[in-house]
Amino acid sequence: MFKRLRGLFSSDLSIDLGTANTLIYVRGRGIVLDEPSVVAIRQQGNMRTVAAVGIDAKRMLGRTPGNITAIRPMKDGVIADFTVTEQMLQHFIRKVHQSTFLTPSPRVLVCVPCMSTQVERRAIKESAEGAGAREVFLIEEPMAAAIGAGLPVEEAQGSMVVDIGGGTSEIAIISLNGVVYSESIRVGGDRFDEAITAYVRRHYGSLIGEATAERIKEEIGCAYPGGELREIDVRGRNLAEGIPRSFTLNSHEALDALQETLGAIVTAVKSALEQSPPELASDIAERGLVLTGGGALLRDLDKLISEETGLPVIVAEDPLTCVARGGGKALEMIDQHTFELLSSD
Amino acid sequence: MSDMHDNDTVDTARQASPGDMLRNERENQGLSVEEVATSLNLRPAVVYGLEKDDYEQVPVAAYRRGYLRAYARLLGIDEQGVLDAYRDINGSIETERRVTPVKPAKQPSRLGAWLVKLVTLVVIVGLAGLTLVWWQSRESTGLPGLSDNEPVAVDTLDGTPVTEEPAEGDTSGTDATGANSAGSDTAVETAIDEEMPPLPAEDSEMGLTDDASTTDAGQSSAATAGDQPTGGDSEQSDVAANTAENAAEDTDNAAASTQADAAGPDVLELSFNEQSWTEIFDANDDRIFVGLQSAGSSARAEGVPPFRLTIGNASGVELRYQGKPVDLDEYAGSNNVARFSLGE
Numbered sequence: 001m002f003k004r005l006r007g008l009f010s011s012d013l014s015i016d017l018g019t020a021n022t023l024i025y026v027r028g029r030g031i032v033l034d035e036p037s038v039v040a041i042r043q044q045g046n047m048r049t050v051a052a053v054g055i056d057a058k059r060m061l062g063r064t065p066g067n068i069t070a071i072r073p074m075k076d077g078v079i080a081d082f083t084v085t086e087q088m089l090q091h092f093i094r095k096v097h098q099s100t101f102l103t104p105s106p107r108v109l110v111c112v113p114c115m116s117t118q119v120e121r122r123a124i125k126e127s128a129e130g131a132g133a134r135e136v137f138l139i140e141e142p143m144a145a146a147i148g149a150g151l152p153v154e155e156a157q158g159s160m161v162v163d164i165g166g167g168t169s170e171i172a173i174i175s176l177n178g179v180v181y182s183e184s185i186r187v188g189g190d191r192f193d194e195a196i197t198a199y200v201r202r203h204y205g206s207l208i209g210e211a212t213a214e215r216i217k218e219e220i221g222c223a224y225p226g227g228e229l230r231e232i233d234v235r236g237r238n239l240a241e242g243i244p245r246s247f248t249l250n251s252h253e254a255l256d257a258l259q260e261t262l263g264a265i266v267t268a269v270k271s272a273l274e275q276s277p278p279e280l281a282s283d284i285a286e287r288g289l290v291l292t293g294g295g296a297l298l299r300d301l302d303k304l305i306s307e308e309t310g311l312p313v314i315v316a317e318d319p320l321t322c323v324a325r326g327g328g329k330a331l332e333m334i335d336q337h338t339f340e341l342l343s344s345d
Numbered sequence: 001m002s003d004m005h006d007n008d009t010v011d012t013a014r015q016a017s018p019g020d021m022l023r024n025e026r027e028n029q030g031l032s033v034e035e036v037a038t039s040l041n042l043r044p045a046v047v048y049g050l051e052k053d054d055y056e057q058v059p060v061a062a063y064r065r066g067y068l069r070a071y072a073r074l075l076g077i078d079e080q081g082v083l084d085a086y087r088d089i090n091g092s093i094e095t096e097r098r099v100t101p102v103k104p105a106k107q108p109s110r111l112g113a114w115l116v117k118l119v120t121l122v123v124i125v126g127l128a129g130l131t132l133v134w135w136q137s138r139e140s141t142g143l144p145g146l147s148d149n150e151p152v153a154v155d156t157l158d159g160t161p162v163t164e165e166p167a168e169g170d171t172s173g174t175d176a177t178g179a180n181s182a183g184s185d186t187a188v189e190t191a192i193d194e195e196m197p198p199l200p201a202e203d204s205e206m207g208l209t210d211d212a213s214t215t216d217a218g219q220s221s222a223a224t225a226g227d228q229p230t231g232g233d234s235e236q237s238d239v240a241a242n243t244a245e246n247a248a249e250d251t252d253n254a255a256a257s258t259q260a261d262a263a264g265p266d267v268l269e270l271s272f273n274e275q276s277w278t279e280i281f282d283a284n285d286d287r288i289f290v291g292l293q294s295a296g297s298s299a300r301a302e303g304v305p306p307f308r309l310t311i312g313n314a315s316g317v318e319l320r321y322q323g324k325p326v327d328l329d330e331y332a333g334s335n336n337v338a339r340f341s342l343g344e
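Shown next as structure tokens:
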């Protein structure tokens, strides 16, 4: 009952609990939080306390002393560390409620990967409840992404959405508020980073950290040859000499590094098209597919998929926030009793 | 090429429709609609439609904007410029909620939050306490006082209910005490006040009723001396009845207490020879009498004994309790104010 009372002082939230970033959309206020899903834990004897969450914790990644560990509690789109996820969510939920008068107890809609198991969904739900949510709804990520991209999900027409997140890529064909076909592959932005790290180690004999790999991906990464050539200076530890060295990477090398990972995504898209019912396939051929998620920001990824599939490919506007925004719109529809959007747990 | 493009955008950015911008640029680059359609994997009709700002082929706004951006990117012109132009024309129809920029909320201060919580808790507890106190005080004052003049119904053992009216006027309260000795089957009925006709008193399981005259004088005087009827003290009743010592244990207590209850509240009579301030509380702490009485007046108060009395100018007041005069002089202090209790 007390939760209900506190609920009066809380706003409804839509949370995109991603492997790389957590976004929170508040009804009526838009996206209010976009922070990395990283928690820094300080170990003091047997006490484990949260040292930092979000951006602050991400800065610590790979730079922590012995008593602090920076953890990414989400892995492949699902919870890897339950308690840390709960604390992170609690921190974020508090952060978006300016009022400190009462501990907030909002209604929360959380996005889950469409191929996640019952156990993983239950874990996310309980984690959100543990973080103080009054009521938790789950929605499948591609559905939220499609709503956020402005696709006509409620119409009797096939819409295809490819959501490339940090840990997973979700491919779904949606019609009449339902997912007709969905596929989730554990390939995403993190895998891009790993591919770049592996490439640099192999070709330059140097080790680079996660953050550097991500910077390389953002600045020179591309998915299709033929664009302008870009270069970046990076520093890493040379494995042979054991001392930090500086070297230059260009976009062709980045493309080379990403080739295999991109191939996995293209294969999954093609497989989804193969599996789709013919009527929906014809709708998709007519209108094309939509890319969302942080991976959609990879340069010329739309061109690659368009070339490979022969379909029009468009990148959603503001692809990073699509899922959270879509979740927010779904949350508004909850009050209109459009429950079919929501996934059962 | 870029010169042309620059001039174009400068000249036409504001007024040009997105279709014009795209078509001009395409013609500058010497591309045909079919070539563009092939690279975008769109039908040529759609590309024509985009250039003519005719979106019949693309009913969904999200796809429209996506195609425009893809087209602009293909031609290498500023996609935001094209989108802005599109929005200028169509924006109002399909306004979407704009995404507000990320605004990190400031870290709540833990101490402040705790302080606020603590203060709130204290205030709430205080309010609850006050409410409780108020409620209880209201309950105690709201208790219905025992009204002294209500008839008292008595169920007698022989089954005939009798209602006793408390005595009115000058007559003092009467007291009928019956005690029954089970062994002897005698019923004793005592009337205390000689001026009063004896009230009917019922007792005994046999239904026998005896007149006061049947009792001997000794019994009567014994009852007068020792009886405190409303106290319901059955021992005293037994003594008053002067029954056999062993029979006292067998006394029908029920009958005795019924009789005692029936006696009703006691009456205090005051007559003031001089002016006096008087206050009387009864056993329930009800103030049954208070006030400044002028000389020559008299007053009467009823209540449940014992009484607490405060009588000013005690030498000028005569008090009668149960018809007997009470000597105030022995209670009066040096200031001639009597403070004492009666009927204990």
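If you're matching them up, the sequences are chains P and A in order. 1 is the number of the first residue of the first sequence in full-length UniProt numbering; add one for each residue after it. 1 is the number of the first residue of the second sequence in full-length UniProt numbering; add one for each residue after it. All residues carry an ideal CB built from backbone N, CA and C; glycine is no exception. From a predicted model like this one, the values you see are computed outputs, not experimental measurements.
Using a C-beta cutoff of 9 Å, does residue 255 of chain P count as contacting chain A? Residue mapping note: residue 255 of chain P aligns to position 255 of the first sequence, counting from 1. No, because no Cβ of chain A sits closer than 9 Å to the Cβ of residue 255 of chain P.
Does the count of Cβ pairs from the region 173–184 of chain P and the region 323–330 of chain P closer than 8 Å reach three? Taking one beta carbon from each stretch, the region 173–184 of chain P and the region 323–330 of chain P have fewer than 3 pairs nearer than 8 Å; the two do not touch.
Cut-off 6 Å between Cβ atoms - residues of its own chain near residue 271 of chain A, not counting five sequence neighbours on either side: As a first step, residue 271 of chain A is located in the second sequence; it is residue number 271 there, counting from the start. Non-local C-beta neighbours of residue 271 of chain A in its own chain, meaning closer than 6 Å and more than five positions away in sequence, comprise 298 and 318, ordered along the chain.
With a cut-off of 8 Å on the beta carbons, I'd call residue 252 of chain P and residue 229 of chain P a contact; round off their distance for me. If you number the first sequence from 1, residue 252 of chain P lands on position 252. If you number the first sequence from 1, residue 229 of chain P lands on position 229. Indeed, because the Cβ distance is near 7 Å, the residues count as touching under 8 Å.
Does the beta carbon of residue 258 of chain A come closer than 9 Å to any beta carbon on chain P? Here the question's residue 258 of chain A lines up with position 258 in the second sequence. For residue 258 of chain A, the predicted model reports a pLDDT of 41, less than 50, meaning its position is unreliable; a value from the coordinates is still stated below. Cβ-Cβ to chain P under 9 Å: no for residue 258 of chain A.
Endpoints, beta strand (DSSP E) assigned at residue 47 of chain A: Numbered from its first residue, the second sequence carries residue 47 of chain A at position 47. Counting along the chain, residue 47 of chain A falls outside any beta strand (DSSP E), though it belongs to the alpha helix (DSSP H) covering 44–51.
How would you label residue 345 of chain A, buried or exposed, when you count the other beta carbons within 10 angstroms and need 16 or more for buried? In this structure chain A extends from 1 to 344, so residue 345 of chain A is not present and cannot be described.
Give the list of continuous alpha helix (DSSP H) stretches no shorter than 4 residues that lie fully inside the region 19–86 of chain A. Counting whole runs of 4 or more residues, the region 19–86 of chain A contains the alpha helix (DSSP H) stretches 33–40, 44–51 and 61–75.
For a contact meaning CB atoms closer than 9 Å, what does residue 69 of chain A contact in chain P? As a position in the second sequence, residue 69 of chain A is number 69, starting the count at 1. Result: 314, 315 and 317.
Which residues does DSSP pair with residue 324 of chain A in a beta bridge? If you number the second sequence from 1, residue 324 of chain A lands on position 324. Answer is A/321.
Coil, strand or helix - residue 322 of chain P by DSSP: To locate residue 322 of chain P, count along the first sequence from 1; it is residue 322. For residue 322 of chain P, the secondary structure class from DSSP, reduced to helix, strand or coil, is helix.
Would you be able to state if there are at least three C-beta pairs under 8 Å between the region 151–158 of chain P and the region 187–197 of chain P? The region 187–197 of chain P, when compared against the region 151–158 of chain P, does not touch it at the 8 Å Cβ threshold.
Considering only the alpha carbon of each residue, which of P/16, P/195, P/97 and P/215 lies closest to residue 113 of chain P? Mapped onto the first sequence, residue 113 of chain P falls at position 113. Considering only alpha carbons, the answer is P/16.
Closer than 9 Å to chain P by CB, residue 86 of chain A: Taking the first residue of the second sequence as 1, we reach residue 86 of chain A at position 86. Among the residues facing chain P, residue 86 of chain A is not included, as its CB has no counterpart in that chain under 9 Å away.
Tell me which same chain residues have a C-beta within less than 8 Å of the C-beta of residue 315 of chain A, skipping the five on either side of it? Along the second sequence, read from residue 1 onward, the residue named residue 315 of chain A stands at position 315. Result list for residue 315 of chain A: 274, 328, 329, 332 and 336, in chain order.
Residue closest to residue 73 of chain P, alpha-carbon to alpha-carbon, out of P/58, P/264 and P/64: As a working note, residue 73 of chain P is residue 73 in the first sequence. Per the Cα distances, P/58.
Would you list, in chain order, the members of the region 56–74 of chain P that have their beta-carbon closer than 9 Å to a beta-carbon of chain A? Those would be none; no residue qualifies.
When the cut-off is 9 Å and only beta carbons count, does residue 218 of chain P lie next to chain A? Here residue 218 of chain P refers to the residue found at position 218 when the first sequence is read from its first residue. Closer than 9 Å: no.
Return the residue from the list P/169, P/86 and P/93 that minimises the CA-CA distance to residue 130 of chain P. Sequence index remark: in the first sequence, residue 130 of chain P carries index 130 (1-based). Looking at the Cα atoms, P/86 is the closest of the given residues.
Interface residues of chain P facing residue 42 of chain A [CB-CB closer than 7 Å]: By 1-based counting over the second sequence, the position of residue 42 of chain A is 42. By Cβ distance, chain P contributes 312.
Cα-Cα, which of P/143, P/168 and P/109 is closest to residue 19 of chain P? Here residue 19 of chain P refers to the residue found at position 19 when the first sequence is read from its first residue. Across the set P/143, P/168 and P/109, the C-alpha of P/168 shows the shortest separation from the C-alpha of residue 19 of chain P.
If we cut at 9 Å on Cβ distances, does residue 26 of chain A have a partner in chain P? Translated into the one-based positions of the second sequence, residue 26 of chain A becomes position 26. No - not a single Cβ of chain P is within 9 Å of the one on residue 26 of chain A.
Buried versus exposed call for residue 24 of chain A [16 or more other C-beta atoms within 10 Å across all chains shown]: For this step, residue 24 of chain A is matched to residue 24 along the second sequence. Classification of residue 24 of chain A: buried, given that the 10 Å Cβ count is 16 or more.
For residue 310 of chain A, name the three-state secondary structure that DSSP assigns. Taking the second sequence and counting its residues from 1, one reaches residue 310 of chain A at position 310. Note: residue 310 of chain A maps to strand in three-state DSSP.
Do residue 140 of chain P and residue 170 of chain P have their beta-carbon atoms positioned less than 9 Å apart in this structure? On the first sequence, residue 170 of chain P is found 170 positions in, with the first residue counted as 1. On the first sequence, residue 140 of chain P is found 140 positions in, with the first residue counted as 1. The Cβ atoms of residue 170 of chain P and residue 140 of chain P sit closer than 9 Å to each other.
Reducing DSSP to helix, strand and coil, say where residue 238 of chain P ends up. Residue numbering aside, residue 238 of chain P sits at position 238 when the first sequence is read from its first letter. Under the three-state reduction of DSSP, residue 238 of chain P is assigned to strand.
With DSSP collapsed to three states, give me the class of residue 190 of chain P. The count along the first sequence starts at 1 and reaches residue 190 of chain P at position 190. If DSSP states are grouped into helix, strand and coil, residue 190 of chain P belongs with the helices.
Just the chain P side, please: which residues come within less than 9 Å of residue 60 of chain A by C-beta, in chain order? One-based indexing of the second sequence puts residue 60 of chain A at position 60. Neighbours of residue 60 of chain A across chain P, judged by C-beta separation under 9 Å: 150, 151, 152, 155, 157, 159 and 287.
So, using beta-carbon positions, are residue 269 of chain A and residue 320 of chain A closer together than 9 Å? The residue labelled residue 269 of chain A in the question sits at position 269 within the second sequence. The residue labelled residue 320 of chain A in the question sits at position 320 within the second sequence. Yes, Cβ-Cβ distance for residue 269 of chain A and residue 320 of chain A is below 9 Å.
Report yes if the C-beta distance between residue 255 of chain P and residue 213 of chain P is below 9 Å; otherwise report no. Counting from one through the first sequence, the residue named residue 255 of chain P turns up at place 255. Counting from one through the first sequence, the residue named residue 213 of chain P turns up at place 213. The answer is no: Cβ separation not under 9 Å.
Just list the residues that DSSP pairs residue 44 of chain P with in beta bridges. Position 44 of the first sequence holds residue 44 of chain P. As computed with DSSP, residue 44 of chain P is found in a beta bridge with P/47.
Nearer than 8 Å: is that true of the beta carbon of residue 86 of chain A relative to any heavy atom of the ligand SAH? Within the structure as shown, the ligand SAH is missing, as the structure has no ligands at all.
Answer with yes or no whether the minimum CB distance from residue 306 of chain P to chain A is below 9 Å. The sequence position of residue 306 of chain P within the first sequence is 306, counting from 1. Interface flag for residue 306 of chain P against chain A is set, since a Cβ pair is found closer than 9 Å.
Span separating the alpha-carbon of residue 262 of chain P from that of residue 193 of chain P: Locating residue 262 of chain P in the first sequence gives position 262, where the first residue counts as 1. Locating residue 193 of chain P in the first sequence gives position 193, where the first residue counts as 1. Approximately 12 Å between the Cα atoms of the pair.
Range covered by the alpha helix (DSSP H) that runs through residue 253 of chain P: Indexing the first sequence from 1 puts residue 253 of chain P at position 253. Its alpha helix (DSSP H) spans residues 251–275.
Tell me, please, whether the region 29–47 of chain P touches the region 56–70 of chain P by the rule of three or more beta-carbon pairs shorter than 8 Å. Contact between the region 29–47 of chain P and the region 56–70 of chain P is present, because at least three Cβ pairs lie under 8 Å.
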